[in-house]
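Reading the sequence shown from the start, the letters are residues 26 to 308 in our numbering. Every residue gets a Cβ at the ideal spot worked out from N, C-alpha and C, and that includes glycine. Remember, predicted model here, so these are calculated numbers, not experimental data. First the structure, in the form of structure tokens, and then the observations on it.
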Amino acid sequence: MSVRRPYRSDVSDARWALMKPVFDDWRARRTGPGTAARVHDLREIVNAILYVNRTGIPWEYLPHDFPPYKTVYDYYAKWESDGTTQQVHDLLRGKTRRFHGRRAEPTAAVVDAQSVKTSANVAKTSQGIDAGKKIKGRKRHLITDTLGLVLAVLVTAANVHDTTGGKLLLDDLAAAHPSVSKVWADGGYQNSICNHGAGLGIDVEVVQRPRAKGFEPLPKRWVIERTFGWLMQHRRLARDYEALPQRSRAMIHWAMANKMSRELTGESTPTWRIETDIRLTSA
């Protein structure tokens, strides 16, 4: 048994209970050499991932009272590649929608993109320049429901046009969420995205910005701007630090999982199993 003081990014009992079934199923399916010994508590692996996600530190700077950083990153990579991270995210999204009195599957959505700078470890072939925003880096293409919850994510070089990324997202949306029949987009998207959506049975409406000066929330579209704000509260997403675009996508899923699990449990600040420490046992 080991004892450590909690970090603000740790999951509480209530939040872990929401995610635990996915990880229990994942561990139960693991077979082969080396899988019989349950050395690391998966809850601590999740805590370590959320610590990096929330604080923005490099993996090798994880505090020593977490499992070794190479082990944590190995779990992070495995869960991204086998779909476990998205499974956790999608489970929490369904619960959050029902929490707000909505059906688990949405019927309307919003699409937008965000360009962010990259760190020095990102290969040049994975970057580009967004000429409009004068940003060299990557672009996050998102589709959210009308609550601002993420339905589809694509990470590309920043020079990929919003419309190009939007079409790929619509393909993913139609496959994963066939109930969606309406999508709102901003004026940066070209008419071809409307034609592409029509071919998928989705009515894409471009919402133009008002000509009047000053700030004014755009009808239907402001929710996705709030989503980008939620993401930027997680310092690992202030830039794109991930060498691989799919790992950037996973960071977005973890940020939203953090946000949704807190909302479901009513936690604006962490609550703990024990007031002053966390007692961990090997699993």
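Go ahead and pull the three-state DSSP assignment for residue i.
i, result
"Q139", "strand"
"D107", "coil"
"R192", "In the sequence on display, residue 192 carries Lys and not Arg. Residue state, collapsed to three classes: helix."
"R30", "coil"
"G162", "strand"
"E130", "coil"
"V231", "strand"
"I82", "coil"
"T306", "Unreliable positioning characterises T306 in this predicted model, as indicated by a pLDDT of 40, which lies under 50. A coordinate reading is not provided."
"L87", "coil"
"L167", "strand"
"Q265", "Per the sequence shown, the amino acid found at residue 265 is Asp instead of Gln. In this structure, D265 counts as strand in the three-state DSSP scheme."
"N146", "coil"
"L117", "helix"
"V323", "No statement about residue 323 is possible, as the shown extent of the chain runs from 26 to 308 and does not include it."
Which residue's Cα is closest to the Cα of residue i: the options?
i, options, result
"R264", "Y98, G108, R79, T290", "R79"
"W247", "A102, V97, V135", "V135"
"D170", "D107, G213, P270, P131", "P131"
"T290", "V28, M44, R29", "M44"
"N184", "I160, I168, A177", "I160"
"R29", "H65, H89, R52, P83", "H89"
"W309", "Y98, P46, T110, R52", "Nothing about residue 309 can be reported from this structure: the residues present for the chain run from 26 to 308 only."
"I249", "Y32, Q139, V36", "Q139"
"I82", "S144, D38, Q112", "S144"
"R163", "L172, H186, A177, L176", "H186"
"Q112", "V147, V97, D49, E69", "D49"
"A268", "N216, K103, Q152", "Q152"
"V342", "A223, H221, A102, N216", "This structure cannot speak to residue 342, because the chain is shown only from 26 to 308."
"A156", "I277, V141, G108", "V141"
"Y32", "Y86, A73, A102", "A73"
"P270", "F124, R54, K149", "K149"
Can you give me the start and stop residues for the alpha helix (DSSP H) that residue i sits inside?
i, result
"W209", "Per DSSP, W209 belongs to no alpha helix (DSSP H); it is in the beta strand (DSSP E), 207-211."
"D38", "38-54"
"L176", "Where L176 is concerned, there is no enclosing alpha helix (DSSP H), although the beta strand (DSSP E) it sits in stretches over 175-182."
"I277", "270-290"
"L256", "247-257"
"S217", "216-224"
For residue i, I'd like the list of residues in its chain whose CB is within less than 6 Å of its CB, leaving aside the five on either flank, ordered along the chain.
i, result
"S34", "L75, Y76, R79"
"R118", "L174"
"W41", "R68"
"Y94", "W84, E85, L87"
Given residue i, which residues of its chain have a CB within under 8 Å of its CB, disregarding the five upstream and five downstream residues?
i, result
"I227", "L195, L198, A199, V205, S206, K207, V208"
"T121", "L172, L174, M285, E288, L289"
Who are the Cβ neighbours of residue i in its own chain at under 7 Å, not counting the five residues just before and after it?
i, result
"G191", "V136, H166, A210, Y214, I218"
"H202", "E130, P131, L176"
Taking residue i as part of the beta strand (DSSP E), name the residues at either end of that continuous run.
i, result
"G153", "153-155"
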